[in-house]
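Going by our numbering, the sequence shown opens with residue 13, and the numbers climb by one from there.
Ideal placement from N, C-alpha and C gives every residue a C-beta, glycine not left out.
For clarity, every value in this text was computed on a predicted model and none was experimentally measured.
Working notes for the structure below.
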Amino acid sequence: IHPLIHLCLHSFLVQQKASSLAHYSHSHPTMTSSDDDIFTIQLHDSQDVKMHFEVETSGNLQTVFNQYSQFKGLSLDSLQFTYKDKTINPDESPASLGMSGDDNTIQVTRVGQALTKEKIVQACTAGSTSTAVDLLSENKELCSESLSWFDSDGQELSTPPLFICIDYGHTELVAKLLPLHKEILNTLKDGSGDYSPLQWASWTVGPRSMHIPDPLFSQTNSLHMFLLPQGALDIVKILLKGGANADEEALSLAREYNHTSVAEYILNHFDLYSGIEGDSDAIMEKACREGDADMVRKLLDEESYNIEKWKDEDGKYLAFSPMYLAVKNGHMDVIQLFAEKGVQMDLTVAMPKVEAGNRQIDIDPSKDVVPKEVADYLAGHNDDVCPNQLE
């Protein structure tokens with residue numbers, strides 16, 4: 013994304029987040045005076061988020077500061093409160109500070125480690141490579157700590173910094189940060205503990221559409237723009253080259269989110285059959301599910317795999333048999349291989365009604381839908397593959 017667009021977009025997202033926050037009112041527990049003694053102060057932070065508090069004009073600000081720090085999930089000593097460039101003592105009050113009318117804004121900035129974390133988040137979000145690398149090199153312990161940030165859809169998340177870079181598609185920054193993650197790349201998890209960096213990249217990086225209204229873009233009433241990171245595949249390649257372990261979860265996520273090129277690349281970087289060596293049934297099932305025609309052929313031709321074991325007492329192949337896994341997942345090369353071997357499949361077992369050319373196939377609606385390409389193929393081969401099953 014162009015830096016100017018990214019800056020405007022980030023500002024817009026923060027404003028959207030701020031607007032979703034209700035005005036936070038704090039009533040002093042000993043307040044008994046009239047409304048004339050109540051004063052509204054505004055706390056304004058570096059992310060342009062504004063929060064309002066109501067206090068007694070002569071009441072101290074300690075409780076307000078405590079409430080703010082608790083809301084932000086930060087310790088009070090990690091925050092600095094200033095009014096007209098002067099640090100505020102929590103014992104001071106709106107009256108002692110000379111506040112009046114609209115002159116009621118207290119600036120809130122982070123200090124110490126909290127400030128460092130904020131800068132890291134900003135650098136990772138914006139793709140500021142040198143800044144992010146320098147900060148994380150000086151604070152390596154933060155590579156594995158979850159930090160709060162907003163994604164391009166305005167959702168607040170909590171993950172280690174590397175996930176931020178992946179999510180925003182900053183390919184160069186991800187590559188530069190890998191040496192700092194060498195020992196933790198395969199144990200690092202997002203804030204909820206669900207995903208590794210590779211798994212995150214396999215599904216989260218991709219085109220996103222965002223609706224941006226006026227006044228950010230005053231030329232039009234609204235603008236739909238597509239955020240196009242440099243690509244999930246490039247980042248996946250970088251992670252795998254950097255030592256990330258490819259796994260079935262990453263493969264499954266890529267397929268679920270239709271990242272076909274990512275799925276194909278991941279598939280070529282790990283052993284599908286690790287842990288099931290010697291179990292021909294498990295290998296056949298996985299080969300059919302994944303579309304590994306070479307393995308299916310090897311099992312059938314070289315290892316004389318007995319496919320008859322998957323038939324019921326009526327001589328029909330069971331719905332959970334490997335060949336139906338190939339049908340349901342649309343793996344034409346595997347389906348054609350079984351057809352060459354004379355396997356006859358009853359489509360009523362595999363799918364609900366679908367169009368097959370100019371014909372319809374009536375099937376069990378509780379089952380998965382078979383891709384139309386497969387239905388067309390089997391419809392065209394019904395005499396040899398599945399006689400008496402098509403209307």
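- prompt: Is it right to say residue 60 is buried, meaning 16 or more other beta carbons lie within 10 angstroms of its own, or is it exposed?
  reply: Residue 60 is exposed by the Cβ-count criterion.
The stretch 259-266 in contact with the stretch 304-324 per 3-pair CB rule at 8 Å:
The stretch 259-266 vs the stretch 304-324: no contact.
Whole angstroms are fine: how far does the CA of residue 152 sit from the CA of residue 246? Between residue 246 and residue 152, the C-alpha separation is close to 25 Å.
| task | Rounded to whole angstroms, what's the CA-CA distance from residue 185 to residue 197? Just pull it up for me. | result | Approximately 15 Å between the Cα atoms of the pair.
- Task: Would you be able to state if there are at least three C-beta pairs under 8 Å between the stretch 90-107 and the stretch 121-138?
- Result: Result yes; three or more Cβ-Cβ pairs closer than 8 Å.
Check for me: the beta strand (DSSP E) holding residue 63 runs from which residue to which? That run of the beta strand (DSSP E) goes 62-68.
Check: Could you give the C-beta distance for residue 169 and residue 203, rounded to a whole number, given that I count them as a contact under 8 Å?
Finding: Rounded, the Cβ-Cβ distance is 7 Å, consistent with contact.
Next item on the list: Could you check which residue in 77, 102, 49, 143 has the C-alpha nearest to that of residue 55?
Entry: When only C-alpha atoms are compared, the closest one is 77.
Expected contact under 8 Å - CB spacing of residue 330 and residue 322 to nearest Å: About 5 Å separates the beta carbon of residue 330 from that of residue 322, a gap short enough to meet the 8 Å contact definition.
Along the beta strand (DSSP E) that carries residue 53, what are the first and last residues, could you check?
For residue 53, the uninterrupted beta strand (DSSP E) run begins and ends at 50-57, by DSSP.
Let me know if residue 137 comes out buried or exposed under the rule of 16 or more other beta-carbons within 10 Å of its beta-carbon. By the neighbour-count rule (16 or more Cβ atoms within 10 Å), residue 137 is buried.
From which residue to which residue does the beta strand (DSSP E) around residue 295 run? Annotation: residue 295 is outside any beta strand (DSSP E); the continuous alpha helix (DSSP H) that includes it extends over 292-302.
**Report entry** Which listed residue (283, 273, 318) has its alpha carbon closest to that of residue 292
**Finding:** Of the candidates 283, 273, 318, the one whose C-alpha sits nearest the C-alpha of residue 292 is 318.
* To do: Put residue 168 into one of helix, strand or coil per three-state DSSP.
  => Reduced to three states, the DSSP call for residue 168 is strand.
**Item:** Close beta carbons around residue 131, own chain, < 8 Å, minus the five adjacent residues each side
**Value:** Around residue 131: 143, 147.
Residue 107 and residue 69: beta carbons closer than 7 Å? Contact: yes.
When you compare only the Cα positions, how much space is there between residue 194 and residue 254? Between the alpha carbons of residue 194 and residue 254 lies a distance of about 7 Å.
Requested in this report: Report yes if the C-beta distance between residue 95 and residue 73 is below 7 Å; otherwise report no.
Outcome: Cβ distance not < 7 Å, so residue 95 and residue 73 don't count as in contact.
In the DSSP assignment, what are the bridge partners of residue 175?
Answer is none; residue 175 lacks a bridge partner.
Neighbourhood of residue 103 by C-beta, 7 Å cutoff - its chain only, sequence neighbours within 5 removed:
The answer, listed in chain order, is 72, 74.
Considering only the alpha carbon of each residue, which of 116, 57, 145 lies closest to residue 126? Here the closest residue by C-alpha is 57.
Suppose you measure from the CA of residue 183 to the CA of residue 213; what does that come to, to the nearest Å? Between residue 183 and residue 213, the C-alpha separation is close to 11 Å.
Contact check, residue 295 vs residue 288 under 8 Å by CB: the rounded distance?
That belief holds up - the Cβ atoms of residue 295 and residue 288 are roughly 6 Å apart, short of 8 Å.
(request) Identify which residue in 258, 324, 64 has its Cα closest to the Cα of residue 118. (result) Here the closest residue by C-alpha is 64.
| said: Considering only the alpha carbon of each residue, which of 49, 187, 211, 297 lies closest to residue 333? | reply: Residue 297 is the option with its Cα nearest to residue 333.
Q. Does the Cβ-Cβ distance between residue 156 and residue 172 come in under 7 Å?
A. Yes, Cβ-Cβ distance for residue 156 and residue 172 is below 7 Å.
query: For residue 261 versus residue 211, is the C-beta spacing smaller than 7 Å?
result: Closer than 7 Å, so yes.
Using only alpha-carbon positions, find the residue among 81, 149, 201, 340 that is nearest to residue 256. When only C-alpha atoms are compared, the closest one is 201.
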